[in-house]
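The sequence shown begins at 1 in UniProt numbering and counts up by one. Below is one structure; the comments refer to it alone.
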Amino acid sequence: MASITVVMAQINLLVGDIPGNTQQVITSAEQALAEHQADVVLYPELTLTGYPPEDLLLRPSLEARIEQALQTLMDAQINTTLVMGYPRCVGGAVLNMAGVIQNGQLVAEYTKQCLPNYQVFDEKRYFQAGSQPCVVDIHGVTTAITICEDVWLAEPTAQAKAHGAKLMLNLNASPFSRSKRAERHRLLANRAQEGDLAIVYTNLVGGQDELVFDGGSFVVDNQGQIQYQAPFFEEGLYAVTIDVADSGSVTVPTQSKTELPSELAAIYQALVIGVRDYVNKNGFKGVVLGLSGGIDSALTLAVAVDALGKDRVEAVMMPFRYTSDLSKNDAADEAERLGVRYQSISIEPMYDAFMAGLAEEFAGTQRDTTEENLQARCRGVLLMAISNKKGYLVLTTGNKSEMAVGYSTLYGDMAGGFDVLKDVPKVTVFELSRYRNTLGEVIPVSVIERPPSAELAPDQKDEDSLPPYPVLDEILERYIERDQSATEIEAAGFDSAVVRRVLRLVDVNEYKRRQAPVGVRITERGFGRDRRYPITNGWKIGD
């Protein structure tokens, strides 16, 4: 009986930075060798470009850049086996590949066979699929190499088994959604039993635009039992020992198992890492947001501080004549609790100036949502001016429920660069706020308990315009994430008039969402890469 040490390199990469990512491979491999005496270091999918590189894969210089990166890795002469991902140009086609480097030589390559083309994935736009397995001897173990989606379908595992593989190394760039962790565990348990092999699953960690990769790398034995679980949302080099019998078969002794975070904890961590990486990777000095005294901006502020630290966050209250004293006091209270720079700038003077300038144009008309939207647009102008002057990113504060039905103002509360809660339903906003307070009470209880209001008119409440949020969110979840029709939703017991009004609001506000900032994806279908509906269309709501 012998043993090998496999190190899962759960690292955070910058898309497009091929030299930087290559150096990160070298540095982490040397560390894995020094600290863990690694026999194998396993990296995420498309390590060298980061994931997803999107149309960078179409750049003419891609081939030369990847070839240079691979040569750099081979020249480094690292005394361990490296298994990492990269795109490779072969005969005019781009392949999603994994390579095995040993003793300064590229000894094997594998082409991803199963190319996902659903939800946020668009791999058939770029890659040509492979068809052959890659089974290679690594330190005396017959080892199969697969990439991400290959373990979601049965055929690649069947190929590995047919070629005698006892161990599978699976490279991943699997984005977070709230139900994904348990799904991964179930899936790999099934594949391990089908193939009678152990599987080492290494996942990417970090934020990339709207996507967050949660890490959570793990190892299952040939019975499908999890024998090692790495932390979620943390970079690191996680070592697992695999025992090898003289026959070449492997067993995985039970080792470290990090406790899985609760769903709310995982969502909150995803929001934090999504904000941190978007701000840092794009070079912003800090962030600024409008703090209204409401729950959405309160949660956004808490996430921002947890992501960046209080010194890189500025909050601005922008009161108007309808802003209650309670809202002013709650905003100031939260800003003080979190220790951020805080100021209050009234929008009354600029609103009055706009109305004076529009007096002739508006003559003979009644007050309506135009005046309400003007308030929001005054606030948007203020925040964007601060952003321009200080190099800060404006965080908008709209949630998924509002974005779905258009309960937001273009060039007003939608003005900004990143929407932290873009994919977070309103009911979940309340749940996350309560969760955050269990870590330290930073959101005033009155903010959580009082009825939501945009305070754009006297005594205004959200439910004056919308169904109660628990009802609204369930209708939206059925329509957006499950693709249920109006008829199916009504059959589930929802009022027909309410359903058809909500669905119509979703459909007619596609034009707004196309102009909304990017935001962290936490559900199975967010607005953005997931859901691409035409703005102009004649589809009927009942269909």
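Note that CB positions come from ideal geometry on N, CA and C, so glycine has one too. Quick caveat: nothing in here was measured; it's all calculated off a predicted structure.
What separation, rounded to the nearest whole angstrom, lies between the Cα atoms of residue i and residue j?
i           : j           : result
residue 331 : residue 453 : 14 Å
residue 472 : residue 110 : 47 Å
residue 439 : residue 298 : 15 Å
residue 133 : residue 116 : 18 Å
residue 279 : residue 314 : 14 Å
residue 411 : residue 509 : 14 Å
residue 348 : residue 318 : 9 Å
residue 324 : residue 534 : 40 Å
residue 526 : residue 481 : 8 Å
residue 505 : residue 436 : 31 Å
residue 335 : residue 253 : 49 Å
residue 516 : residue 415 : 8 Å
residue 74  : residue 94  : 22 Å
residue 206 : residue 233 : 7 Å
residue 426 : residue 467 : 12 Å
residue 277 : residue 227 : 30 Å
residue 61  : residue 200 : 33 Å
residue 11  : residue 82  : 14 Å
residue 497 : residue 490 : 9 Å
residue 203 : residue 220 : 14 Å
Hey, could you find the ends of the beta strand (DSSP E) residue i is sitting in?
i           : result
residue 480 : Careful: residue 480 lies outside any beta strand (DSSP E) and carries neither H nor E.
residue 160 : Run containing residue 160: none in the beta strand (DSSP E); it sits in the alpha helix (DSSP H), 154-162.
residue 109 : 105-111
residue 314 : 313-317
residue 169 : 167-172
residue 239 : 236-244
residue 8   : 2-10
residue 41  : 40-42
residue 214 : 211-214
residue 201 : 198-203
residue 288 : 286-290
Return helix, strand or coil for residue i, following the three-state DSSP convention.
i           : result
residue 424 : coil
residue 512 : helix
residue 504 : helix
residue 346 : coil
residue 561 : Missing from the structure shown is residue 561; the chain here goes from 1 to 543 and no further.
residue 223 : coil
residue 443 : coil
residue 78  : coil
residue 190 : helix
residue 306 : helix
residue 140 : coil
residue 92  : coil
residue 341 : strand
residue 355 : helix
residue 102 : strand
residue 470 : helix
residue 435 : helix
Got a sec, what are the start and stop residues for the alpha helix (DSSP H) residue i sits in?
i           : result
residue 373 : 369-390
residue 264 : 263-281
residue 403 : 400-405
residue 21  : 18-36
residue 362 : 359-362
Are there 16 or more other CB atoms within 10 angstroms of the CB of residue i, so buried, or fewer, so exposed?
i           : result
residue 58  : exposed
residue 282 : exposed
residue 51  : buried
residue 458 : exposed
residue 369 : exposed
residue 451 : exposed
residue 268 : buried
residue 503 : buried
residue 512 : buried
residue 284 : buried
residue 24  : buried
residue 362 : exposed
residue 376 : buried
residue 32  : buried
residue 124 : exposed
I think residue i touches residue j, with their Cβ atoms under 8 Å apart; what is that distance to the nearest whole Å?
i           : j           : result
residue 405 : residue 244 : With 8 Å as the limit, residue 405 and residue 244 do not qualify as a contact, their Cβ atoms being about 58 Å apart.
residue 422 : residue 390 : About 23 Å separates the two Cβ atoms, so there is no contact after all.
residue 393 : residue 287 : 5 Å
residue 178 : residue 523 : 6 Å
residue 39  : residue 139 : 5 Å
residue 86  : residue 46  : 6 Å
residue 261 : residue 211 : 19 Å between Cβ atoms; not a contact.
residue 264 : residue 432 : 6 Å
residue 294 : residue 328 : Not really, about 12 Å apart at Cβ, beyond 8 Å.
Would you say residue i lies against chain B (beta-carbon separation less than 8 Å)?
i           : result
residue 234 : Although the question refers to chain B, the structure presented lacks it and comprises just one protein chain.
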